[in-house]
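Here the structure is laid out as structure tokens; the discussion comes afterwards.
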Amino acid sequence: MLDARIPPGPIEQNWDKCRFDMKLVNPANRRKHSIIVVGSGLAGAAAAATLGQQGYRVQCFSYHDTPRRAHSIAAQGGINAAKNYRNDGDSIFRLFYDTVKGGDFRSREANVYRLATVSLNIIDQCVAQGVPFAREYGGLLDTRSFGGVQVQRTFYARGQTGQQLLLGAYQALEEQLAAGTVTMHIRSELLDVVIVDGRARGIVTRDLVTGRITSHAADVVVLATGGYSNVFYLSTNAKACNCTAIWRAHRRGALFANPCFTQIHPTCIPLSSEHQSKLTLMSESLRNDGRVWVPKKKGETRAPEDIPENERDYYLERRYPSFGNLVPRDVASRNAKEVCDEGRGVGPSGQGVYLDFADAIQRLGLPTVREKYGNLFDIYERITGEDAYAVPMRIYPAPHYTMGGLWVDYHLMSTISELFVAGEANFSDHGANRLGASALMQGLADGYFVLPATVPDYLATTKLEPLDTSHPTFAAAKDDVGQRIEKLLEVKGNRSPDSFHKELGKLMWDECGMARSEAGLRKALARIPELREEFWHNLRIVGGGEELNQSLEKANRISDFLELAELMCIDALDRKESCGGHFRVESQTPEGEAKRDDANFSYSAAWEWKGLDQAPVLHKEPLTFEYVHLAQRSYK
Amino acid sequence: MNLTLKIWRQLNAHTAGKFVTYQVKDVTKDISFLEMLDSLNEDLLDRGEPPVAFEHDCREGICGSCGFLINGVAHGGHRGTTVCQLSMRFFKDGDALTLEPWRARAFPVIRDLIVNRSAFDRIIQAGGFISAPTGSPPDANAILIPKESADTAFDAAACIGCGACVAACPNAAAMLFTSAKLTHLNSLPQGQPQRDQRTVSMVAAMKAELFGSCTNHGECEAVCPKEIPLEFIGRMNRDLIRTLSRRRREPLVIAGVVQEPSDEEAQ
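Laid out in structure tokens, this is it:
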């Protein structure tokens, strides 16, 4: 059933061949086609702007007040590209190889190779748009290294790379708005995908200011709605990030792939209070110069500066001498958890490790460190009240990114015809663990280069019946959405939306977080339906549906998290191996590293929705590795 | 600590608003200002009262969603800090705080502390971009950019579009915002071909949105969470003079954003 539509032939030629084989739309005919893009982050804004430039009629939707608020803006560290400007041995093949290996051999080779190829064009495109990347004094672009690799291929704009890339895409999008090719719908949240004759032909949205529910028809629908780390309540994601768009598409027939593949980022500011509403990331780039350590002694009470060198355990440098502090994220996170579980964690809660810049400051001087990481040190100081130039930072892992998402083929089309999925919302490129600085690369690759090639092919080769929102399916979908909103408002119980979200998040963090066991997952699977039941009987929302109502928005998103969480646990239980960020305690090597089981689990797990009280059905897309030799990862 | 909050409540753009006073008890120092408001909202929900609507998203000072006045100062008056980054460490027991939305004619209130800032998007539409359609641009290193220019461009591009500069300005001018985007793009070699057109169009769009003009108070710079300097307004004015002296006087006409100048204005 699952055909990834990978072009035959050598991997280096796949994308070129695919592009040549694809049909084109005559420039004069493009304006006859309409395209809906949901989401205006890197993938969405880039796709909407580019398709608009090509001449299609694009409608772009965002729940924010302007496209520039999308959460891509918060990405700090950088964006990878195999430019080999440093002459340090980089190449397209090496970026491809690193990404497949870093993903612990659970990604699709052809997609990753394309990503590595396109990475070159992304940097060129962004520079042409005026993205102010860091420069050397000679005027050339600067790069730095990131986790999981041994070359310096990461381009950056101080600690605000995501912001600058998003503003580049946003500006291109605003130019198209002015040109009239793209229409922007702000403060509009997708609540359903409309399927007519098996094809995605439109969406239903709610205006967040007036509460009005509207449907929109088009020839093609693109979802670029981001990831679902907020299922954990506390994550580095922005507060509004949610799974509603992809989950409602899933309920309409799109398969959901590898939902349990979530990334726990190693360098976040530790939790300090029970009222805390989110966790803050400290860019992984800090691991370039910062050294991670904990005291050798359990229950150490001395201040870090009073602990002599020989009583410190630089555990990453000790265990992984060749990669040191730059091991991939999953490895760094798991090691931090281990040392804290041993009772050697630091800070008031004991859930933290030091990230120390003393050596870097001595080696590079304070001004250089400030220039490179100043804004990150500022963020840290504001939140913790501590000066990280003087005392080591304290960090701890936190949910950050979801590799899982809607299943897509090589053309980024989901299992629903005409429904394309891009960026973090799809599943394809990162396998079981994403390398640093690859999310921005993937979002922009999908948005600037992949969709603008594959969507037109679809339009050119498919005979589409003319359709507008008067079709009865649109009215039915609108009614469904209206009823669900009504149902939420009518519960009139006693618990706030946030209280359910916190409870769900805690459960998921404990049982489906950094380490997962069969017993824990079964416990979560027993509890989630109970919590969902309580949600629908004891939820309290004040106010109505026809006004700006932030508790209603939250409750609506949480209602989907409560369903997605169950699928994540089912997937985690089913995948009995450990791989990448998915660590099953039952499957580890004698040294405590993740142990894959390629004989039984070398596939992407794509789940089909069968109804709320029905078990989902598993479809497998077998993964073959012709170019990267399957091996147990080693960063020693 | 215990606080008294006087908060602006307004149901929507068409109804009048008023201040309502709330007591918030037992606030700990290790939470953020918005987390304190979260807990107030949980209490309100418990009592069956509508929670206070405020915008927020990333809660780390980069998305630009959040922002309101605390005792009349945009973002609360800590240098380089958005309200979401304000820690309750900065406040003390017994503080009485007045919270109100950005006040500017170009930013109508939507509800409570939420305002409509779409005028900023329209200023960007007028010219806040470099036209580089996705395709095959030159190699990234083919354009040499002196580090100083790249750094200036970055300093300006750091703007998060929160609107604090407008709220702080006695004239509700959007000149810091507009000049930041102009400085970003006009400092770069890639931005030169459209420099004159961009400058005159964005300035015209700013005027069309009913923002006021700068009279050098400097409040905008003081409250800007990204510390965008006032100097950029000077650069914008210099670019505007340069544009006019080069006889580019006509803004790009964009329906709904920048209109053709009326006869009266043309004189």
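Here the protein sequences come in this chain order: A and B.
Under this note's numbering, the first sequence is numbered contiguously, ending at residue 636.
Under this note's numbering, the second sequence is numbered contiguously, ending at residue 1267.
Every residue, glycine too, gets a C-beta built ideally from N, C-alpha and C.
Separation of residue j from residue i, as counted between CA atoms
| i | j | result |
| --- | --- | --- |
| leucine 1034 of chain B | alanine 565 of chain A | 27 Å |
| arginine 19 of chain A | aspartate 124 of chain A | 20 Å |
| serine 229 of chain A | serine 1118 of chain B | 29 Å |
| alanine 254 of chain A | isoleucine 269 of chain A | 36 Å |
| aspartate 440 of chain A | histidine 71 of chain A | It should be pointed out that residue 440 of chain A corresponds to leucine in this sequence rather than to aspartate. Approximately 11 Å between the Cα atoms of the pair. |
| phenylalanine 61 of chain A | glycine 39 of chain A | 6 Å |
| glutamate 1227 of chain B | cysteine 1159 of chain B | 8 Å |
| aspartate 1026 of chain B | tyrosine 401 of chain A | 34 Å |
| alanine 1205 of chain B | threonine 66 of chain A | 17 Å |
| threonine 1015 of chain B | aspartate 1112 of chain B | 11 Å |
| glutamate 309 of chain A | glutamine 164 of chain A | 40 Å |
| lysine 620 of chain A | arginine 108 of chain A | 13 Å |
| arginine 522 of chain A | glutamine 13 of chain A | 45 Å |
| glutamate 1265 of chain B | arginine 1198 of chain B | Unreliable positioning characterises glutamate 1265 of chain B in this predicted model, as indicated by a pLDDT of 47, which lies under 50. The coordinate reading is nonetheless provided below. Going by the C-alpha atoms only, they are around 19 Å apart. |
DSSP three-state assignment for residue i, whether helix, strand or coil
| i | result |
| --- | --- |
| proline 561 of chain A | This sequence places phenylalanine at residue 561 of chain A; proline is not what is there. Phenylalanine 561 of chain A: helix per DSSP, three-state reduction. |
| cysteine 1084 of chain B | helix |
| methionine 1236 of chain B | helix |
| alanine 1212 of chain B | Sequence check: residue 1212 of chain B is glycine here, not alanine. Of the three classes helix, strand and coil, the one that applies to glycine 1212 of chain B here is strand, per DSSP. |
| alanine 1074 of chain B | strand |
| asparagine 600 of chain A | helix |
| tryptophan 609 of chain A | coil |
| methionine 1001 of chain B | coil |
| leucine 191 of chain A | strand |
| valine 408 of chain A | coil |
| lysine 278 of chain A | coil |
| methionine 22 of chain A | coil |
| histidine 400 of chain A | strand |
| proline 497 of chain A | helix |
| phenylalanine 133 of chain A | coil |
| valine 112 of chain A | helix |
| tyrosine 354 of chain A | strand |
Reference residue i, options the options, closest by Cα
| i | options | result |
| --- | --- | --- |
| glycine 350 of chain A | A:Phe500, A:Gly253, A:Lys337 and A:Pro367 | A:Lys337 |
| leucine 1003 of chain B | B:His1184, B:Thr1028 and B:Asn1012 | B:Thr1028 |
| threonine 384 of chain A | A:Pro348, A:Met413, A:Arg370 and A:Glu418 | A:Pro348 |
| leucine 1144 of chain B | A:Gly138, A:Ser578 and A:Phe146 | A:Gly138 |
| isoleucine 1233 of chain B | B:Thr1243, B:Arg1247, B:Gly1218 and B:Lys1226 | B:Gly1218 |
| arginine 248 of chain A | A:Tyr635, A:Trp609, A:Val628 and A:Asp574 | A:Trp609 |
| serine 1179 of chain B | B:Leu1099, B:Gly1127, B:Leu1045 and B:Ser1032 | B:Gly1127 |
| glutamine 1102 of chain B | B:Ile1123, B:Leu1011 and B:Ala1167 | The displayed chain sequence assigns tryptophan, not glutamine, to residue 1102 of chain B. For tryptophan 1102 of chain B, the nearest C-alpha among the options comes from B:Ala1167. |
| proline 466 of chain A | A:Ser34, A:Ala476, A:Ala425 and A:Val408 | A:Ser34 |
| isoleucine 1124 of chain B | A:Phe561, A:Asn111 and A:Arg68 | A:Arg68 |
| aspartate 1139 of chain B | A:Ala128, A:Asp142 and A:Pro132 | A:Ala128 |
| alanine 519 of chain A | A:Ala477, A:Arg584 and A:Gln76 | A:Arg584 |
| cysteine 1224 of chain B | B:Val1020, B:Gly1077 and B:Ala1172 | B:Gly1077 |
| valine 220 of chain A | A:Asp142, A:Arg57 and A:Gly77 | A:Arg57 |
| alanine 217 of chain A | A:Asn84, A:Pro616, A:Leu623 and A:His471 | A:His471 |
Test: residue i CB closer than 8 Å to a CB of chain D
| i | result |
| --- | --- |
| threonine 1028 of chain B | Here chain D cannot be found, since the structure's protein chains are A and B. |
**Report entry** Segment contact flag, the region 18–31 of chain A with the region 144–151 of chain A, C-beta cutoff 8 Å, min 3 pairs
**Finding:** Touching, no.
Report task. Determine contact between the region 1205–1214 of chain B and the region 199–213 of chain A, defined as no fewer than three beta-carbon pairs at a distance below 8 Å. Result -> They do not touch, by the three-pair rule.
Query - Given 8 Å, three or more beta-carbon pairs between the region 257–265 of chain A and the region 328–347 of chain A - result: These segments touch.
Query raised in the report: Given 8 Å as the limit, is there contact between the region 160–172 of chain A and the region 182–195 of chain A, that is, 3 or more CB pairs closer than that?
Result: Verdict: no, contact absent.
Requested in this report: Pull out every residue of the region 1053–1064 of chain B whose Cβ sits closer than 9 Å to any Cβ of chain A, in chain order.
Outcome: Ala1053, Phe1054, Glu1055, His1056, Asp1057, Cys1058, Arg1059, Glu1060, Gly1061, Ile1062, Cys1063 and Gly1064
Query raised in the report: In chain order, what residues of the region 1117–1134 of chain B put their CB closer than 8 Å to some CB of chain A?
Result: Arg1117, Ser1118, Phe1120, Asp1121, Ile1124, Gln1125, Ala1126, Gly1128, Phe1129, Ile1130, Ser1131, Ala1132, Pro1133 and Thr1134
Report task. Please list the residues of the region 1145–1175 of chain B that have a C-beta atom closer than 7 Å to any C-beta atom in chain A, keeping them in chain order. Result -> Ile1145, Pro1146, Lys1147, Ala1150, Ala1153, Phe1154, Ala1157, Ala1158 and Gly1161
Query - Contact between the region 47–67 of chain A and the region 163–180 of chain A (3+ Cβ pairs under 8 Å) - result: Taking a contact to require three or more Cβ pairs closer than 8 Å, the region 47–67 of chain A and the region 163–180 of chain A qualify as touching.
Query raised in the report: Are the region 179–188 of chain A and the region 81–95 of chain A touching, with three or more C-beta to C-beta distances below 8 Å?
Result: no
Query raised in the report: Of the residues that make up the region 464–490 of chain A, which ones have a beta carbon closer than 8 Å to any beta carbon in chain B?
Result: none
Query raised in the report: Within the chosen definition, does the region 532–543 of chain A reach the region 478–496 of chain A through at least 3 CB pairs nearer than 8 Å?
Result: yes
Requested in this report: Closer than 8 Å, Cβ to Cβ, to anything on chain B: give me those residues from the region 229–256 of chain A, in chain order.
Outcome: Ala238, Lys239 and Ala240
Query raised in the report: Would the region 279–292 of chain A and the region 309–320 of chain A be scored as touching if the rule is three or more Cβ pairs under 8 Å?
Result: yes
Query - Contact residues within the region 109–124 of chain A, judged by C-beta distance below 8 Å to chain B - result: Asn121, Ile123 and Asp124
Report task. Taking only beta carbons into account, state which residues of the region 547–577 of chain A come closer than 9 Å to chain B, listed in chain order. Result -> Glu547, Leu548, Asn549, Gln550 and Ser551
**Report entry** the region 1177–1189 of chain B: positions lying closer than 8 Å to chain A by Cβ
**Finding:** His1184, Leu1185 and Leu1188
Query raised in the report: Would you say the region 501–520 of chain A touches the region 546–553 of chain A, given that touching needs at least three Cβ pairs under 8 Å?
Result: no
Report task. Closer than 8 Å, Cβ to Cβ, to anything on chain B: give me those residues from the region 376–401 of chain A, in chain order. Result -> Asp378, Ile379, Arg382, Ile383 and Gly385
Query raised in the report: What residues in the region 523–545 of chain A have a beta carbon less than 9 Å from any beta carbon of chain B?
Result: Arg540, Ile541, Val542 and Gly543
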